[in-house]
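Student:
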Amino acid sequence: MSVDGLIVVDKPGGMTSHDVVARIRRLARTRRVGHGGTLDPMATGVLVIGVGRATRLLTYVIGAGKSYTATIRLGQATVTDDAEGEVVATASAAEVTDEAVRAGLVPLTGEIDQVPSAVSAIKIDGQRAYKRVRDGETVTLAARRVTVSRLDVLAVRRDAPDLVDVDVTVDCSSGTYIRALARDLGVALGVGGHLTALRRTAVGGFTIAEALTLPELEERAPDVVNLPVEDAARRFFPQREADAREAKVLSHGGPLDPAGIVGPYAVFDPAGGLVAIVSERDGRARAEIVLAPA
Numbered sequence: 557m558s559v560d561g562l563i564v565v566d567k568p569g570g571m572t573s574h575d576v577v578a579r580i581r582r583l584a585r586t587r588r589v590g591h592g593g594t595l596d597p598m599a600t601g602v603l604v605i606g607v608g609r610a611t612r613l614l615t616y617v618i619g620a621g622k623s624y625t626a627t628i629r630l631g632q633a634t635v636t637d638d639a640e641g642e643v644v645a646t647a648s649a650a651e652v653t654d655e656a657v658r659a660g661l662v663p664l665t666g667e668i669d670q671v672p673s674a675v676s677a678i679k680i681d682g683q684r685a686y687k688r689v690r691d692g693e694t695v696t697l698a699a700r701r702v703t704v705s706r707l708d709v710l711a712v713r714r715d716a717p718d719l720v721d722v723d724v725t726v727d728c729s730s731g732t733y734i735r736a737l738a739r740d741l742g743v744a745l746g747v748g749g750h751l752t753a754l755r756r757t758a759v760g761g762f763t764i765a766e767a768l769t770l771p772e773l774e775e776r777a778p779d780v781v782n783l784p785v786e787d788a789a790r791r792f793f794p795q796r797e798a799d800a801r802e803a804k805v806l807s808h809g810g811p812l813d814p815a816g817i818v819g820p821y822a823v824f825d826p827a828g829g830l831v832a833i834v835s836e837r838d839g840r841a842r843a844e845i846v847l848a849p850a
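So this is what it looks like as structure tokens:
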């Protein structure tokens with residue numbers, strides 16, 4: 557029997573997030589598996605997987621801030637804004653200075669209105685944008701407000717004629733497209749740009765340091781959960797302890813008296829079991845999701 561909880565996976569390149577979920581389903585021997593925020597096939601790094609009851613926590617994981625390291629190639633634009641798409645425009649970046657690169661990143665930092673990459677999973681009239689592009693349509697997506705709290709240059713490399721590779725580290729809000737940052741830097745510098753490498757180093761408080769590779773998970777199977785649901789909730793949310801009566805009321809969907817905690821927060825029963833994720837409104841503490849075992 558599988559344990560309810562989260563797995564912090566170090567996703568390898570070349571796999572979709574759905575491929576990883578399918579692998580975990582087999583290893584954990586349960587169908588009830590989901591992921592907390594898609595990584596492109598090219599990308600590697602932190603992919604948070606939920607098993608059992610913990611799949612219900614993933615909605616909060618998806619909305620958490622993310623951190624990445626990435627490489628932006630200046631001098632080429634691609635149809636996908638990353639190395640997986642065909643090159644659609646080239647221009648020599650040989651004259652682009654390190655100072656110009658850093659200056660070009662400044663307007664891409666802070667609260668910005670970002671147009672997502674056309675080849676993305678965003679739906680337009682019920683169909684994924686990438687499907688429309690592959691069917692030959694020209695797709696223009698609406699800008700979205702995102703926050704890039706850190707965008708630092710780690711290195712500027714000139715390893716090939718007419719190309720400049722910029723290694724960066726990024727802290728950003730959920731919904732930020734790192735390949736759109738690469739595209740927009742290339743546009744600002746007039747030479748085109750795309751992403752050649754992307755590694756997610758953190759999702760919320762879950763970091764690459766605690767991530768397990770798929771071979772490591774294969775060795776542990778079926779005991780693949782490295783963060784039981786109670787531990788995951790304690791890591792991710794403020795906490796409230798409930799007495800036995802309160803826990804019973806909450807487990808049946810009833811409200812509690814408020815505790816003055818800024819939510820959402822996790823409520824635990826006297827034995828340390830996770831009862832619900834709660835938020836306070838209109839003078840009551842009400843469950844957003846009930847997690848007490850049936």
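Converting from the sequence shown to the working numbering requires adding 556 to each position, the first position being numbered 1.
Positions of the beta carbon are idealized from the N, C-alpha and C atoms, including for glycine.
1. Cα separation between R790 and T763?
2. Specify whether the segment 695-709 and the segment 591-610 touch according to this definition: at least 3 beta carbon pairs, one from each stretch, less than 8 angstroms apart.
3. Which same chain residues, not among the five before or five after A753, have their C-beta less than 7 angstroms away from its C-beta?
4. Is the beta carbon of I618 less than 8 angstroms from the beta carbon of V781?
5. Could you check the C-alpha separation between L614 and D718 for me, to the nearest Å?
6. Measuring CA to CA, which of G593, A822, E766 and A777 is closest to A584?
7. Work out the CA separation of A649 and L751 for me, nearest whole Å.
8. Cutting at 6 angstroms between CB atoms, please list the residues of its own chain near A599, excluding the five before and the five after it.
9. Where does F762 fall in DSSP's three states?
10. Examine the Cβ distances between the segment 652-661 and the segment 824-834 and report whether three or more of them are shorter than 8 angstroms.
11. As a quick exercise: from D637, A647 and A711, pick the residue whose alpha carbon is nearest that of G631.
12. Give every residue of the same chain whose Cβ lies closer than 7 angstroms to the Cβ of V805, excluding the five residues on either side of it in the sequence, and list them in chain order.
13. Around the Cβ of P672, are there at least 16 other Cβ atoms within 10 angstroms (buried) or fewer (exposed)?
14. Does the segment 636-646 touch the segment 736-750, meaning 3 or more C-beta pairs lie closer than 8 angstroms?
15. Using the Cβ count rule (16 or more neighbours within 10 Å means buried), how would you classify Q670?
16. What residue range does the alpha helix (DSSP H) around V662 cover?
17. According to DSSP, what are the bridge partners of A846?
18. Span of the beta strand (DSSP E) holding E797?
19. For H574, count neighbouring C-beta atoms within 10 Å of its own C-beta (all shown protein chains included) and say buried if the count is 16 or more, exposed if not.
20. For A633 and V602, what's the separation of their Cα atoms in angstroms?
21. Report yes if the C-beta distance between Y624 and F792 is below 8 angstroms; otherwise report no.
22. From this set, F824, R801 and H808, which residue's C-alpha is nearest V785's C-alpha?
23. Apart from the five residues just before and just after M557, which ones in its own chain have a Cβ nearer than 6 angstroms to its Cβ?
24. Based on the DSSP secondary-structure assignment, which residues constitute the bridge partners of D727?
25. Can you give me the start and stop residues for the beta strand (DSSP E) that H591 sits inside?
Tutor: Here's the rundown:
1. For the purposes of this step, residue 790 is taken as the residue at position 234 of the sequence shown. For the purposes of this step, residue 763 is taken as the residue at position 207 of the sequence shown. C-alpha separation (whole angstroms): 16 angstroms.
2. no
3. Numbered from its first residue, the sequence shown carries residue 753 at position 197. Closer than 7 angstroms at the Cβ level, and outside the excluded window around A753, lie A626 and T627.
4. By 1-based counting over the sequence shown, the position of residue 618 is 62. By 1-based counting over the sequence shown, the position of residue 781 is 225. Not closer than 8 angstroms, so no.
5. One-based indexing of the sequence shown puts residue 614 at position 58. One-based indexing of the sequence shown puts residue 718 at position 162. Approximately 43 angstroms, taken between the alpha carbons.
6. Counting from one through the sequence shown, the residue named residue 584 turns up at place 28. Taking only the C-alpha atoms, the option nearest A584 is A777.
7. As a position in the sequence shown, residue 751 is number 195, starting the count at 1. As a position in the sequence shown, residue 649 is number 93, starting the count at 1. Approximately 15 angstroms, taken between the alpha carbons.
8. For this step, residue 599 is matched to residue 43 along the sequence shown. These residues qualify, in order along the chain: L754.
9. On the sequence shown, residue 762 is found 206 positions in, with the first residue counted as 1. Here F762 sits in strand by DSSP.
10. no
11. Taking the sequence shown and counting its residues from 1, the one referred to as residue 631 is at position 75. Of the listed residues, the one whose Cα sits closest to G631 is A647.
12. Start at 1 with the first residue of the sequence shown, and residue 805 comes out as number 249. Around V805: L812.
13. Reading the sequence shown from its first residue, position 116 is the one you call residue 672. Under this definition P672 is a buried residue.
14. yes
15. Counted from its first residue, the sequence shown places residue 670 at position 114. Buried, by the Cβ-count rule.
16. Residue numbering aside, residue 662 sits at position 106 when the sequence shown is read from its first letter. V662 -> no alpha helix (DSSP H), and no H or E assigned at all.
17. Here the question's residue 846 lines up with position 290 in the sequence shown. Before going further, note that residue 846 is Val rather than Ala in the sequence given. Beta-bridge pairing links V846 to A832.
18. Residue mapping note: residue 797 aligns to position 241 of the sequence shown, counting from 1. That run of the beta strand (DSSP E) goes Q795 to E797.
19. Indexing the sequence shown from 1 puts residue 574 at position 18. H574 comes out exposed.
20. Working through the sequence shown from its first residue, we reach residue 633 at position 77. Working through the sequence shown from its first residue, we reach residue 602 at position 46. Cα-Cα distance, rounded: 27 angstroms.
21. For the purposes of this step, residue 624 is identified with residue 68 of the sequence shown, where counting begins at 1. For the purposes of this step, residue 792 is identified with residue 236 of the sequence shown, where counting begins at 1. Not a contact, by the Cβ cut-off of 8 angstroms.
22. Your numbering for residue 785 matches position 229 in the sequence shown. Comparing Cα positions, the closest option is F824.
23. As a first step, residue 557 must be located in the sequence shown, where it is residue number 1. Model confidence at M557 stands at a pLDDT of 47, short of 50, so the residue's coordinates are unreliable; what they give is reported in the following sentence. Nothing listed; no residue qualifies.
24. Taking the sequence shown and counting its residues from 1, the one referred to as residue 727 is at position 171. S623 and R706.
25. Numbered from its first residue, the sequence shown carries residue 591 at position 35. Where H591 is concerned, the enclosing beta strand (DSSP E) stretches over V589 to H591.
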